[in-house]
Amino acid sequence: MAQMTQRSSGGFRRYRWTELGLFILPIVILLLEMTQLLLTKLDPASTPDLRKFPSIQELTPIIGLVAVLLLAHIVLNIFFRKTDQFLLPLVGLLSGLGVLMATRLGPAIGDVNQGNKQLVWVVVGLVICLGTIFALRNRNIHWLARYKYTAALFGVILFCTTLVNALHANLDTPTHDQLKLGPFAFQPSELLKICVVIFFAAYLSENSDVLAEGGWRIGRLHLPPLRQLGPIALMLFISLILFLVVRELGLALLIYGIFLSMIYLGTNKLTYVLVSVAVAVLLGFVGFKLLPYVRQRFAVVGFDVVNWQNWSDADTHFASNAGYQVVQGLIAVSSGGILGAGFGLGHPGYVPVIQSDMVFTAFAEEFGLIGLFALMGIYLFVLYRGFRIAIEATDRFSKLLAAGLTSIFAIQTLIISAGNLKLMPLTGIPLPFLSYGGSSVIGNFIIIGILLRISYNTALERDGMG
Amino acid sequence: MQLDTFLLILRILFIVLLYLFLMQVVIAITRDLRRTSASSEDMDSKGPPVLGHLIVVDSGPTNILPGTRFDLQPQTIIGRGPTNTIQITENFISSEHTRLWFRNGMWYVQDAGSVNGTYVNNQPAREVISAKPGDIIRVGYIQFKLTA
């Protein structure tokens with residue numbers, strides 16, 4: 503009897519209390535925001551009336567999301583008690599805000615059901631996330647390393663479909679990187695980036711000794727042996743093709759960024775990074791000089807928006823044509839100010855593609871600078887946990903895999919928010935978890951699943967098999 | 002009170018809750034860090050203790066003398082790379098070949114994704130296998146005997 507109480511108190515203590523505790527505030531926040539969104543549809547001058555308050559039925563989507571999140575929490579509790587406790591609440595809040603924003607933007611862009619669609623994607627994503635943890639359960643994570651060339655091949659196939667698709671389609675349509683599979687439009691790039699990271703992690707963990715020692719020497723520079731450099735050069739080539747043929751500047755930057763951060767993490771040699779950056783800058787400059795399309799993309803970065811009163815006719819023409827999207831986005835951000843217009847009270851309909859590429863400006867307008875800081879804070883915590891999992895992992899492959907997958911989030915968030923704020927050319931990269939879109943949400947949840955799995959493996963080795 | 006005042010209150014409440022959540026995460030992370038740093042200090046103060054040995058029984062095609070002893074730490078990685086606890090520079094040993102760790106009085110052996118495999122008493126150790134002193138552990142073509 504005494505033993506039993508001890509055991510139950512042990513189970514009580516080993517419950518994932520931190521995770522449950524961290525779920526409370528996100529749930530309150532999501533319910534509160536949904537209520538606010540429904541209340542904004544009423545007449546603002548009327549007095550708040552309890553009978554006009556949203557009923558349980560109207561709150562169902564968010565309650566459903568909360569239920570699914572708690573269900574995932576319980577599943578983790580039963581099967582993977584020792585896995586990371588911070589990622590799920592953070593990601594849950596982010597994707598919840600994504601669902602709310604999709605609901606809110608739906609009517610503005612003429613797709614009333616957008617919120618529900620996004621909700622379905624998030625639920626599917628969570629299921630796939632848990633599925634990923636289970637799928638990597640019995641074999642260890644090195645199973646992935648063994649299939650690194652399969653991953654690379656799969657990535658190349660995905661890449662080729664994008665390429666063929668892009669050559670068929672009109673390059674000027676914004677969605678030319680989508681792959682149509684029956685009723686679903688699917689973006690191969692979301693899986694491509696995961697394949698790239700798996701390949702790099704496996705490749706670098708096997709060859710890092712060779713790469714770090716360096717085969718060639720020019721003065722104090724170590725150059726890697728050429729044979730080991732082959733696959734890496736191939737990656738570089740792929741991102742260049744992406745940039746020049748498919749005109750996916752964002753994806754090219756993302757893959758090149760992953761390449762840079764992983765080669766630095768894998769070899770601990772700054773030389774490689776500096777050389778690669780120099781090559782990229784050089785090629786970018788050549789591209790800028792030679793290709794009008796690249797100049798077009800960069801034109802908006804140098805455009806002066808603040809001084810709008812002194813715009814010439816050419817400037818006005820630019821702001822209402824090529825630069826329309828970014829300029830409207832900036833207007834939305836500035837109209838949000840510090841405190842924001844309030845959720846559901848802004849005017850996001852003026853910005854083209856507000857639901858996915860420009861969703862950052864929608865958040866900026868309605869939550870204000872202060873809300874954006876909080877959002878960036880949540881992203882930073884996700885990144886912190888990701889790198890923490892990488893540091894704690896016990897073997898090279900897991901370390902590199904976790905760090906690489908986390909850098910995907912970091913680079914993506916950086917590229918798209920900088921694009922939205924006119925610090926970089928705008929590219930069609932989704933903001934992780936907040937942008938509307940099924941493949942992006944699912945891809946991100948696969949990443950979270952792998953991260954959770956790695957942290958579970960680490961905890962198992964640290965605390966024994968029990 | 003009008004509805005827009007009420008909405009303003011909701012907005013401020015939202016911001017406050019968002020930052021409260023961030024604070025809660027910071028507090029939880031700090032507590033987590035303190036706990037892990039305390040437990041790692043415990044380990045550091047003793048230094049990596051030697052808990053057992055691997056004695057070469059059959060060195061296969063290599064020049065390692067049978068009878069050579071390798072020390073085992075609580076977390077030991079055998080492989081060709083310089084970062085391993087036990088480094089064996091032979092072609093048939095993978096960069097990271099085998100991982101052994103000691104927990105609750107038992108050794109656990111697992112292959113780290115090597116090409117030529119790891120075996121405990123001729124059983125492939127792709128999954129985690131427990132091992133006890135006296136067992137024969139084969140890493141690639143080298144056979145070791147695990148001793149306490």
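Going down the list, the protein sequences come from chains A and B. Just so we're on the same page, the working numbering is the position in the first sequence counted from 1, plus 502. Just so we're on the same page, the working numbering is the position in the second sequence counted from 1, plus 1. Cβ atoms here follow ideal geometry from the backbone N, Cα and C, with glycine treated the same way. Note that the structure is a prediction, hence the values are computed from the model and not measured.
Close to chain B, meaning a Cβ-Cβ distance shorter than 9 Å, are the following residues of the region 523-552 of chain A: 523, 524, 526, 527, 528, 530, 531, 534, 535, 537, 538, 541, 542, 544, 545, 546, 547, 548, 549, 550 and 551. For residue 960 of chain A, the CB contacts under 8 Å within the same chain, skipping 5 residues up- and downstream, are 891, 894, 895, 896 and 900 in chain order. Contact annotation: residue 53 of chain B and residue 149 of chain B have beta-carbon atoms nearer than 7 Å. By the rule that beta-carbons nearer than 7 Å mark a contact, residue 644 of chain A touches chain B. By the criterion of a C-beta distance shorter than 8 Å, residue 99 of chain B is surrounded in its chain by 78, 79, 80, 110, 111, 112, 113, 115, 119, 126, 138 and 140, once the five residues flanking it on both sides are discounted. The alpha helix (DSSP H) runs lying completely inside the region 761-841 of chain A and spanning 4 residues or more are 772-792, 794-801, 815-822 and 826-838, given in chain order. DSSP places residue 574 of chain A within a helical segment (H, G or I) once states are collapsed to three.
Excluding its 5 nearest sequence neighbours in each direction, residue 76 of chain B has C-beta neighbours in its own chain below 6 Å: 102, listed in chain order.
Straight-line spacing of the CA atoms in residue 817 of chain A and residue 637 of chain A works out to 55 Å.
Across the region 888-899 of chain A, CB contacts with chain B closer than 9 Å involve 890, 894, 896, 897, 898 and 899, in sequence order along the chain. Bounds of the alpha helix (DSSP H) holding residue 898 of chain A are 898-922. Under the Cβ criterion of 7 Å, residue 844 of chain A is counted among the residues facing chain B. Sequence-distant Cβ neighbours of residue 871 of chain A in its own chain, meaning closer than 6 Å and more than five residues away, are 840. Here residue 560 of chain A has 540 as same chain residues with Cβ atoms under 7 Å from its own Cβ, once five neighbours each way along the sequence are excluded. Within the same chain, 902 and 905 come within 7 Å of residue 767 of chain A by CB-CB distance, once the 5 residues on both sides are set aside.
Residue pairing by DSSP puts residue 147 of chain B in a beta bridge opposite B:55. For residue 961 of chain A, the enclosing alpha helix (DSSP H) stretches over residues 940-965. If you ignore the 5 residues before and after residue 136 of chain B, its C-beta comes within less than 7 Å of the C-beta of 121, 122 and 147, all in its own chain and listed in chain order.
The beta-bridge partner set that DSSP reports for residue 651 of chain A is empty.
In the three-state DSSP reduction, residue 625 of chain A falls in the helix class (H, G or I).
Excluding sequence positions up to five before and after residue 602 of chain A, its CB lies within less than 6 Å of the CB of 535, all in the same chain and listed in chain order.
As a beta-bridge residue in DSSP terms, residue 111 of chain B pairs with B:100. Burial is judged here by how many other beta carbons sit within 10 angstroms of a residue's own beta carbon; residue 810 of chain A has fewer than 16 and is exposed. The shortest CA-to-CA distance from residue 617 of chain A to any of A:662, A:629, A:630 and A:566 is the one to A:566.
Chain A places no beta carbon closer than 7 Å to that of residue 71 of chain B, leaving this residue out of the contacts.
Residue pairing by DSSP places residue 120 of chain B opposite B:125 and B:139 in a beta bridge. By DSSP's assignment, residue 78 of chain B forms a beta bridge with B:100.
C-alpha of residue 530 of chain A to C-alpha of residue 599 of chain A: approximately 12 Å in a straight line. A distance below 6 Å between beta-carbons, with the five flanking residues on each side excluded, links residue 862 of chain A to the following residues of its chain, in chain order: 919, 922 and 933. Listed in chain order, the non-local C-beta contacts of residue 754 of chain A below 8 Å within the same chain comprise 741, 742, 744 and 745, local neighbours out to five positions each way being set aside. Contact between residue 888 of chain A and residue 908 of chain A is confirmed by a C-beta separation of about 3 Å, below the 8 Å threshold.
Beta-carbon to beta-carbon, residue 748 of chain A and residue 646 of chain A are separated by about 27 Å, too far to satisfy the 8 Å threshold. DSSP places residue 71 of chain B within a strand segment (E or B) once states are collapsed to three.
Between residue 621 of chain A and residue 563 of chain A, the C-beta spacing is below 7 Å.
Ranking A:951, A:963, A:911 and A:884 by CA distance to the CA of residue 595 of chain A puts A:884 first.
Between residue 16 of chain B and the set A:781, A:876 and A:964, the nearest pair of CA atoms involves A:876.
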